[in-house]
Structures are given as structure tokens and as C-alpha cells.
């Protein structure tokens, strides 16, 4: 009898020790799987007392999931690390985010984070033009994609699927030389949207399309592996997404969430970003291999709050233009 | 009349309590998700002209998508019917050699996840084909890939779902009365006469059932139209729903729910039509009698074998070869040769950080347990549906189809809405666990398991049960000694179908998974989505190989099981 009790006590003790020592942090992220795993592992190593439960998905599906969970009043994440600031802006408007002033913030350009601390950009992912090495013309500007000899050869990611494509659209719409007319001309020149950036890249490397609007790191990474693809930063400039990190208002583990935000913004976190092949948000760090020097990349201006108000009409216009035929 | 007799003669009826529990479970599983969606869809009905249902119904893109869904699914079903019945008749009725191998190979396409099917066919054609490039036959750079079209979608849907028609027919062919056929042959009827006058009419219900399940599967398919339709702006209903998900206004959920209600109504319509046809043409047969049929084909035998071999080569071997070739290059767009050949993708799959193994285990546990539970549920359910046929039960039977006909993404949203909060009374939260995926699987695949069992039960002559009842056998004796042995093959075939569909399932788990609780379909889709087609191909090859091994293991067990239990064995 007493033996049994001792055994139970020992069992209970072994079972409950990790539960006392560790807290759980729930992360929703849209990073590619391998990168997300790297980020989580590095964070857990820096904070052995926190165990991260994470979910990875496209920004769109992740937001849908979040909305459904919130509508049902159920479980939600502590911290978000997702592709674009427009989604963050929308969550902020819906009063779902918590403001947190990170001590790391002062190292960053004020454009990269929300002034009140609702979200912080962690890296710069630019959208430029990728092309197959066998493509007949080497493009240098966005206007080049409208040339008649490029008819039916261009593809682009759809803002209905990709957060980066949505920002790209909002950025182009802000540019008086490009604007909505640019999309209409692209369509007239036979451009066809794919779903996300991954699909655009496969269409180019597999030779189905010669040109594509694409995020930088995908093309540069695949080129390093020997894929027949090249990337150009067009002369009018590129759009950027900053993959912001933010803490949820109803976070169950607010301390863990703050630790996570601080970690991704810290020097170690930014060096990891560099190692993964992205342009770190911290301007004092070098650029990853295959990228031109930082000051040669021209960024087009972008306004997250305006992008949010325009998001629905933009998507509607896009889906009407390239919609079901 | 026979039902009346049965009821009178029943000295001990079925245990009422158990039946009610069964009915409640089934009703909860099938109806709760759809009702939850309906509530969401109708939440704003008071707004009249601006309510989501009205907005969705008055949008022309909804109707275009509906037409596209009909066109691709209809054409695909036609192809499934042709492929499935050619194989079923050739293998079920003739004396061609190595039948087991043929069936085995024909079943494989269904077990390959749809997005992998699309991926492998895309690798096969087009200017980027690793296979064609390596042998120097690839089409010129920049030429369009013919698969990116409505007909391309239909072709792959047809191939993907042909085994469903095949399985529905095969069960029926095993129950054909050999005596009548031999009598007809003795009286000098030609093979064609026997086929058209006896075999075909007796298989009509199975053909309807096969066509209906193929059509409904095509209607809800997401992977194939997503990969082939989106690049040419050809959208079907599930894609339309997926795109609606992307608008993050508060009206998003009700719009999605409204579109889902539409696709649900459509699928229910088709399935009820099939039910009507099935009842009209049902011909009770007595179980399995004697050996399988094998008409002597004579000199046509070799020609038939070559034809079947050619078809299998085109729909299975070639795409698989393309997939294997893709898994062996460093990245897409590099031709495969001695210099570029690399096992890097395979190595990274076996990394300690790799999610592949964990996901495989999860998928196996989920699909095997779902198959077993559903088999146990569908045996008494089929008996109840047939022997106590009534209007409410027929409604219930239609309701069972709904979770399967809804696109997976939608079912997943319904399940999230239902289970995000901790369960009442129990105070246990299911979100983020495998259990939530398991429940979704039970709801979604019940109809897959029930179809063959119900079909088999419809053909079961009640005379035997009546005789047993008159001889004094009570309910459980009748069930154990008459109904169960006769339904066992169909039940096992149903469970197997559930396993094979669930193990590669993607669209439901796509929204329900969390890290550590991912399924293999999710892993493949995520890899593909982030542009890593090479690793996605490697994981797919592994999945196909593992499923083939499971099937071979089952074949080994086959000799200990009753005849007809394993569909690819005689």
C-alpha cells in the first residue's frame, strides 16, 4: 500500500516538474516551415524556461483561423510573426493587439515599427522581378514587363493569397507613374496571377513563365542551389514587407510574448534572420549573400494605414480584373 | 411486404437504447458542423438585400464558379466511370492474368494526395519537365502547359477518383448470381449478350453509387483545381470559397458560410438523386456464391492486358517517375543527370528536426483509428437504414453526406467554431489536439465507409433473416450469423477506403493542425506552398511507397480474412 503511494508520488512529481518549470507560448507565424523551426529552436535555447507551441500557415489562412477562433471565443495565440503590416494594422484596429515598448526598438528605423509599439518589423522582404535565365529580355524596370515582346510570359502572386503581394499592390497604387493603370496594362499584356510567391517561383524555374513578380529571398536562395532564375531590383524601386512581430491583447503568457519580441529584435535574433538569407531589419548588419549593397536598393514609399483602408477595394479590383473568366 | 413480415416475426427486436445512442452520435457528427455553418450564414438575414446569402447569390462570379465546378466534375466523373468500369469489368469478369497486381496498381492513384497528383502531372508535361528535359524531349521554353485548363482539371479529377467507381462496381460483381449467367451461356448466349443483358443491368445501382461518390469527391476537391486552375484564373467553387477567406472583414465568415451552404445543397441534391435511382433499380441478390466469374477471352486476352497496361503506365507509372525524378535534383529547373543527381532532399527528410516522421505517425494513427471506428458505426447503421427505412432515416442518410461534400476548409472552419471553446460540462479544450482532427475525420468520412456497406445491405435478401427469425434466432444471433458475415467484405472495403482517403487528407487538417500535430498532407502542401517542390516530391514518393507497403501487408493478411474483404484480392 505505502509502496503504491510512494510510486504515485514519484510519478506525480516527475510528471509535474516540467509543468512548473516551463511556461508555454503559442506562436502563429507565416514564415516558411524550416525558418519557423529555426527561429523557435533558437528562442527556446535562449529561454529554456519557455516552450513554444507554434502554428505555421499562409497569412491569409492564419488570419481566417484566428477570426474563426475569436468568433467562437476560444483559444488564441500569444504572439504573432506574420508577413505584413497591413494585417497587423487591421488586427490593431480590431483592438486585438497589445502595445509593448521593446527596449530593442531604439536601434531601428522609426518607419519599421508602430510608434505605440503594437508591432515591430523584423526583416525586409522586397518584391522585385524574377526571370528565367533563358528569358529573351533582361528586365530593369517595372515598365519592362509591359513590352509587347513579353506578352503572355509574365506571372505575379495574387493579393488574395499573399500578404506580400497585397502590400506590393498598395505600394504600386501609391506610385503615380504606375498605379492601377499598371495592373490593367499587365493584364492586357497577358499576365496571369498565381496563388502565392512559391507558385510564381515554380512557374519560372519550371519554364512555364519567363518573368514573375517575386519576393527577393526565394529567387536568390534557389539561384544559389543552381536554379535557372535571376532577380532584379527594378530601378523605380521595390515594395517591402517587414514580417512584423506582435503580441495579442488577450495573451495568456504576456511575459513570454515580450521575451519573444525582444529576442527577434535582439542582435542574436537579427543574425539568425541574416543566416536564413533575409535582409535583417537592423541596418547595422550586412546583407546576405547574393544581395546587392543595402544603399543600392531603392524602397518605394508605403503607408500601412492607407493600405488597410484600401485593402478591400484593392482586392476586389484585382479579383474583378483577373477574376473568373 | 417483407418488412412487415419481419416486424411481425421479430420475437426480440433490436436493443432500442443502443440504436438511439447510435442515431444520436451519427446525427451529432453529421449535422452539428453544417448547422453551425448555417447559423453563421443566416446571422445577418434580416439585412435582406445586403445579407451575405443574398450578396453571394447575386454575384455573377458565384455562378461562373458553379458552372466551372459542374463542368470539371461532370467531365471528370465521366472519365472515372469509363476508367473504373473498364478495369472492374476486365478484372471481375474475365480470365486475364495477374489480377491482383492489376487491382493493386489501379488503386494507387487514389492514394496519392491530389496536390501531389497535380504536381507529378505538371512535372511530366510542360517545358520544365525534369523527365522530358533529361531525355531531351521537353517542349520549347515558354510554351503553355496543356494541363492548365478546365479539361486538364477534369482529366486529373477523373484519374484520381476512378478507383472509387472501380471499388463500388467490384463489390457488386462479386455478388453476381453465377447460376443465371452459366444458364445463359449454356443456352448459347454470347459473352456480349450476357454482359449487356445480365451483368450490366445488375450493376446499375453500383454504377450510380460509384458515379455519385466520384462526382461529389470531384466537387469538393481542392488540390487539383487549385494547382491547375488558379494560374489560368479558372476558379471552381472550393477555390472561390478559399479566396473569400482572404477578405478579413467581419463579413468574411458569413460569406464563406453562405457559399458553403450553396455547395452543400448541390451535393445533397446529387446524392438524393442517386438514392432515388438506387431504390428504383435495387435487385436483392443472395450474398456471394461460388467462385468468381472468368469469361474466356481467348486471343483477346493479350490485347486486353496490353490495353490495361498502357492505361496504367500513363496514369500511374509516368507521373510517379516524374515525381521521383523531381525529388532527385537540387532544385526545380535543373535537368537530372549524373552530375546533378543528389539525395539532399531525401537526407533533409530524415533530419532530426524534420516534421515528416512525426506527421506520418499522426496521419497513420488518425486514419487507422477513424477507419476502425467508422466500420463499427456503419455496420449497424446500414442495417437500420435498410430494414427500418423511413423518411426521417432517409433525411439522416442525406445529412451524413454533407460533411464529405463540403470543401475541407469549410468543414474545418465549422469544427473550429464548434470546438474552440472548452467542451461544456467536461471543461476540456480540444483545439490544438489530434482529437479535433479525429472528430473532423469521423464526420467527413462516415459516408465513405457507409456507402459500400449500405449498398451491400440493400442487395441483401431479407428472406434469410426472416427464415432465421422464424427458426427462433434472436436479434443478436441474426446479426452475428447472417448479416455480419455477409456485410463483412463491404465493411472492410469501406474501412480501407477511409484509411486510404484519410491518410493523405489535406484540406480539413490544413486549418486544424498545430506544430507537432501536423498531418502528412499538411507537410506536403506547406513545402509546396513555400516553393520547395523538390522536398515536397520526396515526401510524396515516401508516402506512396509507405501506402504501397501497407497494402502489401494487408495482402499478406488476406488469406486469414473472408473472401472479398481485401479489394485487390480474389
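Chains as they are written, first to last, in the working numbering: chain V, 93 to 417; chain G, -13 to 556. By construction, the Cβ of each residue, glycine as well, lies at the ideal position given by its N, Cα and C atoms.
Whole-angstrom distance between residue j and residue i, CA atom to CA atom
i, j, result
"residue 451 of chain G", "residue 366 of chain G", "15 angstroms"
"residue 71 of chain G", "residue 125 of chain V", "42 angstroms"
"residue 189 of chain G", "residue 155 of chain G", "7 angstroms"
"residue 140 of chain G", "residue 105 of chain G", "15 angstroms"
"residue 144 of chain G", "residue 142 of chain V", "49 angstroms"
"residue 407 of chain V", "residue 331 of chain V", "17 angstroms"
"residue 275 of chain G", "residue 447 of chain G", "Low local confidence applies: a pLDDT of 48 at residue 275 of chain G is under 50, so the model's placement there is unreliable, and no value is given."
"residue 83 of chain G", "residue 90 of chain G", "13 angstroms"
"residue 133 of chain G", "residue 185 of chain V", "43 angstroms"
"residue 133 of chain V", "residue 119 of chain V", "13 angstroms"
"residue 402 of chain V", "residue 190 of chain V", "24 angstroms"
"residue 178 of chain V", "residue 333 of chain V", "9 angstroms"
"residue 312 of chain V", "residue 387 of chain G", "47 angstroms"
"residue 364 of chain G", "residue 470 of chain G", "11 angstroms"
"residue 359 of chain V", "residue 516 of chain G", "26 angstroms"
"residue 361 of chain V", "residue 131 of chain V", "8 angstroms"
"residue 307 of chain G", "residue 115 of chain G", "11 angstroms"
"residue 381 of chain G", "residue 260 of chain G", "14 angstroms"
"residue 115 of chain V", "residue 152 of chain G", "52 angstroms"
"residue 251 of chain G", "residue 417 of chain G", "28 angstroms"
"residue 113 of chain G", "residue 227 of chain V", "13 angstroms"
"residue 262 of chain G", "residue 92 of chain G", "30 angstroms"
"residue 120 of chain G", "residue 323 of chain G", "7 angstroms"
"residue 505 of chain G", "residue 99 of chain G", "12 angstroms"
"residue 261 of chain V", "residue 395 of chain V", "12 angstroms"
Delimiting residues of the alpha helix (DSSP H) encompassing residue i
i, result
"residue 291 of chain G", "286 to 298"
"residue 246 of chain V", "Premise fails: residue 246 of chain V lies in the beta strand (DSSP E), 246 to 249, not in any alpha helix (DSSP H)."
"residue 100 of chain G", "100 to 110"
"residue 381 of chain G", "377 to 391"
"residue 19 of chain G", "2 to 28"
"residue 53 of chain G", "46 to 79"
"residue 392 of chain V", "Element bounds for residue 392 of chain V: n/a, residue is neither H nor E."
"residue 334 of chain G", "330 to 335"
"residue 272 of chain V", "271 to 280"
"residue 165 of chain G", "164 to 172"
"residue 427 of chain G", "420 to 444"
"residue 42 of chain G", "38 to 43"
Per DSSP, the bridge partner or partners of residue i
i, result
"residue 142 of chain V", "V:115"
"residue 172 of chain V", "V:120 and V:338"
"residue 344 of chain G", "Residue 344 of chain G is not bridged to any residue."
"residue 205 of chain V", "V:212"
"residue 189 of chain V", "V:340"
"residue 220 of chain V", "V:306"
"residue 372 of chain V", "V:215"
"residue 208 of chain G", "Bridge partners of residue 208 of chain G: none, in fact."
"residue 284 of chain V", "V:247"
Selected residue, minimal CA-CA separation from residue i, among the options
i, options, result
"residue 349 of chain G", "G:176, G:457, G:317 and G:484", "G:484"
"residue 218 of chain V", "V:308, V:160 and V:234", "V:308"
"residue 493 of chain G", "G:40, G:195, G:43 and G:209", "G:209"
"residue 85 of chain G", "G:296, G:291, G:497 and G:503", "G:291"
"residue 203 of chain V", "V:391, V:268, V:401 and V:154", "V:391"
"residue 192 of chain G", "G:437, G:461 and G:460", "G:437"
"residue 23 of chain G", "G:393, G:513 and G:463", "G:393"
"residue 512 of chain G", "V:352, V:281, V:164 and V:149", "V:149"
"residue 541 of chain G", "G:510, G:479, G:506 and G:252", "G:479"
"residue 353 of chain G", "G:213, G:434 and G:387", "G:434"
"residue 157 of chain G", "G:467, G:440, G:486 and G:466", "G:440"
"residue 393 of chain V", "V:357, V:329, V:317 and V:410", "V:329"
"residue 96 of chain G", "G:284, G:149, G:110 and G:37", "G:149"
"residue 253 of chain V", "V:339, V:156, V:295 and V:152", "V:152"
"residue 127 of chain G", "V:273, V:224 and V:238", "V:224"
Terminal residues of the beta strand (DSSP E) in which residue i lies
i, result
"residue 211 of chain V", "211 to 213"
Cross-chain neighbours of residue i in chain B, by beta carbon under 8 angstroms
i, result
"residue 320 of chain V", "Absent here is chain B; the protein component of the structure consists of chains V and G."
Can you list the beta strand (DSSP E) stretches of 3 or more residues lying completely in the segment 286 to 364 of chain V, in chain order? 303 to 307, 321 to 324, 331 to 333 and 336 to 340
Which runs of the alpha helix (DSSP H), 4 residues or longer, sit entirely within the segment 472 to 547 of chain G? 495 to 498, 506 to 515 and 519 to 543
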